[in-house]
Amino acid sequence: MWIPEKIADVDFPDDVSVRSYEGALNVILPNLWLSHDGLIFGLATGAVVRLIAPLLQDKATDPAVVVVDEAGKFVISLCGGHQGGGDRLTQTISHCLNAAPILTGAVNRSALPGVDVLGQPFGWHKGSGDWTGVAAAIARSEPVQVIQEAGSDLWQHQLPSDHSLQLGWPEISSSPPEQPSPQARIWISPIRRRFAPHSNMPKVQWHPRVLWVGIGCERGTSQALMEDAIASTFQSRHLATEAIAGIATLDIKGDEIGLQQLCRDHNWPIRYFSAEDLRVVPVPRPSGAVQQAVGTPSVAEAAATLAALQSSALLNLSDKNDLSSSEPLLCTAKQIFRQPNQRGAVTLAIAQAEREFTDRIGHLSLVGIGPGSLSQITPAAKAAISQADAVIGYGLYIDLIRPLFRPGQIVESMPITQEQQRAERAIALADWGLNVAVISSGDCGIYGMAGLVLETLQARNWNGRQPTVETLPGISALQAAAARIGAPLMHDFCAISLSDLLTPWTVIEKRLHAAATADFVVALYNPRSQKRIEQIAIAQRIFAQHRQPNTPVAIVRSVYRPEEAIVLTTVTDMLSYPIDMLTTVIIGNRSTRIYGNTVITPRGYGVEG
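Using our numbering, you'd call the opening residue of the sequence shown number 14 and step up by one each time.
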């Protein structure tokens, strides 16, 4: 954070990095403009406009510019809303400050993702086209045709029902069978198309990184020859080099200088396979000479095929029994390249993966959304949800936080009993490279998804780094329920879930006896479901054995939600009231009392009730 020298003596939190500047802000701003992805100004909007006006060059390269008013009530996305990430940054800051986000881009009205950022979560590369023209057509709600030949179609399933896009899959499209003529077109393909410069229909193209280039080469082959081979092959096949996911080859080529330099200069990953891995791959043009030389009849074709299968998550190298589907993945059979003025020779083949390579380290945010009201969600949790590429959760909880979603997010809901499936889905998306928020009601670490996700990662031998994981706490159900009824948790307390889905009932019953005997204040989670109705009755009998008949009990349902219901009763009468899975039951200890409409457990400090 940069502040004027004259206020440099103001105290800031220790975790905030503060630097001061002398004189006018426009002196240091040009360097900040070039070195930062986003700039947040705490100035008047007019002053910011004058400051940045001389620096604006191109929306594809300019940083995001966000303005926050002095009172912190409004956050304005001023420049770089789409490609610069200004709109997303604005929404994140607004959640942190509980302020109103001001997004003025026309696409925000249509609730569609910007066409110029559509492929960013999936690592797609932008190709040529009239991006402004297509964006304008979408903003005007004109019919825009989308032809997707490769890459993830998850984004399509998140479109609003009244969208104007004409999709290539009728089962996904909500447009009528007789569609109006498109006024613009979006291509999503590894093919590079040439657009007429003066066409009446604006067109753009995204290139998902789905092409794996298999390379075999003689010792000492030059980088230049490899570059020429790739350029020649891609040009003849009308393929976009932007669609290259990476290079695949034989492991003994790991010391080839030309190959290493090629991947370094283009920022391409390289995957190595052993001869044992490659020799079992069926290929159209095996070679006996290659078999004799390196122990496998194919390097380029087989390596490209295996890399494409791995990238598509269709193959684990520990199980290579079924490779029958490998041959159709090849876009080009192997070709051999030599040039009189270049050293060595290159054999090249290309395979297309079903799933694109994202080149990103995924992230898992394990988020507690509190009891259900948006006002009870922490700013950090709101920011994590807003920033996520994908949000995974139980359908009811997804509905509670819909105002936090932004256009283009992948939002997937699953039934309440599919916690394991949610964890596995979230991990799969994060392994792919997405930023995933896994939501739980209350606190994610208290009967929430945090433990299950971490256990699943551990079972997969997670290295602790990929994907990265962050846990964001929320107000737990017992805290929320307690706050609504007074101060019942002022002395020692515990929480017990009555669900025996993951814990044997004999264990739960033993804990109920122990807590009742020890005189804990007890919060009961998951007290009764449609099928599981006896457990709450057993719990009541256990506490009736160890507590006075008039011991206070609070039955709190759907706390902080519109349908909230609170009943204050006693251990004796607690079963006379509705209790279900949306209910938290708090049973007092021997000193707990009801005073008016509140429940109070004295802190004690040596005084027993």
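Even for Gly, the Cβ is constructed at its ideal location relative to N, Cα and C.
Please state the DSSP three-state secondary structure of residue i.
{"i": "Ile600", "result": "strand"}
{"i": "Ser48", "result": "helix"}
{"i": "Pro392", "result": "helix"}
{"i": "Arg616", "result": "coil"}
{"i": "Cys276", "result": "helix"}
{"i": "Asn448", "result": "strand"}
{"i": "Ser107", "result": "helix"}
{"i": "Pro114", "result": "strand"}
{"i": "Lys139", "result": "strand"}
{"i": "Lys347", "result": "strand"}
{"i": "Tyr410", "result": "helix"}
{"i": "Pro134", "result": "helix"}
{"i": "His176", "result": "coil"}
{"i": "His220", "result": "strand"}
{"i": "Gly385", "result": "coil"}
{"i": "Thr623", "result": "This structure cannot settle anything about residue 623, because the visible part of the chain is limited to 14 through 622."}
{"i": "Ala578", "result": "strand"}
{"i": "Trp168", "result": "helix"}
{"i": "Arg560", "result": "coil"}
{"i": "Val23", "result": "coil"}
{"i": "Arg356", "result": "coil"}
Take residue i as the anchor and find which of the options has the nearest alpha-carbon.
{"i": "Thr583", "options": "Asp505, Glu576 and Ala557", "result": "Ala557"}
{"i": "Ile411", "options": "Glu425, Ala148, Ala401 and Arg351", "result": "Glu425"}
{"i": "Trp475", "options": "Ser454, His376 and Glu255", "result": "His376"}
{"i": "Pro591", "options": "Asp166, Thr145, Leu342 and Val580", "result": "Val580"}
{"i": "Glu437", "options": "Ile414, Leu413, Gly421 and Gly464", "result": "Gly464"}
{"i": "Val312", "options": "Asp278, Thr360, Arg356 and Asp505", "result": "Thr360"}
{"i": "Gly381", "options": "Ser571, Gly461 and Ala494", "result": "Gly461"}
{"i": "Ile41", "options": "Asp27, Glu18 and Asp28", "result": "Glu18"}
{"i": "Ala439", "options": "Val404, Cys457 and Pro134", "result": "Val404"}
{"i": "Val6", "options": "Gln179, Arg435 and Ile613", "result": "The question about residue 6 has no answer here: the residues shown for the chain are numbered 14 through 622."}
{"i": "Leu131", "options": "Thr103, Cys109, His108 and Gly164", "result": "Gly164"}
{"i": "Arg222", "options": "Arg478, Pro562, Glu162 and Gln433", "result": "Glu162"}
{"i": "Asn354", "options": "Ile53, Pro310 and Asp241", "result": "Asp241"}
{"i": "Tyr34", "options": "Phe208, Gln192 and Leu45", "result": "Leu45"}
{"i": "Gln348", "options": "Gly227, Arg205, Ala500 and Thr516", "result": "Gly227"}
{"i": "Ser287", "options": "Gly93, Gln273, Lys266 and Pro428", "result": "Lys266"}
{"i": "Ala397", "options": "Pro428, Leu447 and Ile613", "result": "Leu447"}
{"i": "Arg166", "options": "Glu155, Phe135 and Val147", "result": "Inspection of the sequence shows that residue 166 is occupied by Asp rather than by Arg. Checking every option, the nearest Cα to that of Asp166 belongs to Phe135."}
{"i": "Cys457", "options": "Leu238, Gly383 and Asn610", "result": "Gly383"}
{"i": "Leu172", "options": "Thr74, Phe418 and Asn610", "result": "Phe418"}
{"i": "Leu64", "options": "His170, Leu38 and Ala366", "result": "Leu38"}
{"i": "Thr444", "options": "Ile374, Ala495 and Gln400", "result": "It should be noted that the sequence gives Asp, not Thr, for residue 444. Out of Ile374, Ala495 and Gln400, Ile374 has the C-alpha closest to the C-alpha of Asp444."}
{"i": "Arg554", "options": "Asp75, His526, Arg292 and Arg541", "result": "His526"}
{"i": "Cys92", "options": "Val79, Glu83 and Ala84", "result": "Val79"}
{"i": "Ser510", "options": "Gly499, Met503, Leu491 and His504", "result": "Leu491"}
{"i": "Ile568", "options": "His108, Ala496 and Ala528", "result": "Ala496"}
{"i": "Ser90", "options": "Gln96, Thr117, Asp27 and Ser604", "result": "Thr117"}
At a threshold of 8 Å, does residue i count as lining the ligand NAP (C-beta to nearest heavy atom)?
{"i": "Val307", "result": "Looking for the ligand NAP in the displayed structure turns up nothing, as the structure carries no ligands at all."}
Within 9 Å (strictly less), CB to CB, does residue i reach chain C?
{"i": "His279", "result": "Looking at the structure shown, chain C is missing, and only one protein chain is on hand."}
What residues match up with residue i in a beta bridge as DSSP calls it?
{"i": "His376", "result": "Asn448 and Thr481"}
{"i": "Leu361", "result": "Ile228 and Gln348"}
{"i": "Cys92", "result": "Val78"}
{"i": "Cys457", "result": "According to DSSP, which records beta bridges pairwise, Cys457 is partnered with nothing at all."}
{"i": "Pro565", "result": "Thr583"}
{"i": "Ala261", "result": "Gly227 and Arg284"}
{"i": "Phe506", "result": "Val534"}
{"i": "Leu252", "result": "Ile204"}
Give the C-beta separation of residue i and residue j to the nearest angstrom, bearing in mind that I take them to be a contact with Cβ-Cβ under 8 Å.
{"i": "Ile599", "j": "Ala536", "result": "5 Å"}
{"i": "Ala124", "j": "Pro420", "result": "5 Å"}
{"i": "Asp100", "j": "Pro76", "result": "At roughly 13 Å, the Cβ-Cβ gap does not stay under 8 Å, so Asp100 and Pro76 are not in contact."}
{"i": "Pro215", "j": "Asp290", "result": "Rounded, the Cβ-Cβ distance is 46 Å, inconsistent with contact."}
{"i": "Val572", "j": "Met587", "result": "Actually they do not touch by this definition, with Cβ atoms about 17 Å apart."}
Where does the unbroken alpha helix (DSSP H) through residue i begin, and where does it stop?
{"i": "Gln70", "result": "No alpha helix (DSSP H) contains Gln70, which DSSP labels as neither H nor E."}
{"i": "Ala313", "result": "Ala313 to Ser324"}
{"i": "Gln431", "result": "Counting along the chain, Gln431 falls outside any alpha helix (DSSP H), and DSSP gives it neither H nor E."}
{"i": "Trp518", "result": "Trp518 to Thr530"}
{"i": "Val147", "result": "Trp144 to Ala152"}
{"i": "Ala490", "result": "Ala490 to Ile498"}
{"i": "Met462", "result": "Met462 to Ala472"}
Starting from residue i, trace the beta strand (DSSP E) in both directions and tell me its first and last residue.
{"i": "Thr246", "result": "It is not in any beta strand (DSSP E) - Thr246 instead sits in the alpha helix (DSSP H) that spans Gln236 to Ser249."}
{"i": "Glu425", "result": "Ile423 to Met427"}
{"i": "Phe208", "result": "Taken as a continuous stretch (DSSP letters only), Phe208 belongs to no beta strand (DSSP E), as it is neither H nor E."}
{"i": "Ile160", "result": "Val157 to Gln161"}
{"i": "Arg32", "result": "Arg32 to Tyr34"}
{"i": "Pro215", "result": "Run containing Pro215: none; DSSP gives neither H nor E here."}
{"i": "Arg298", "result": "That residue, Arg298, is in no beta strand (DSSP E); it is neither H nor E in DSSP."}
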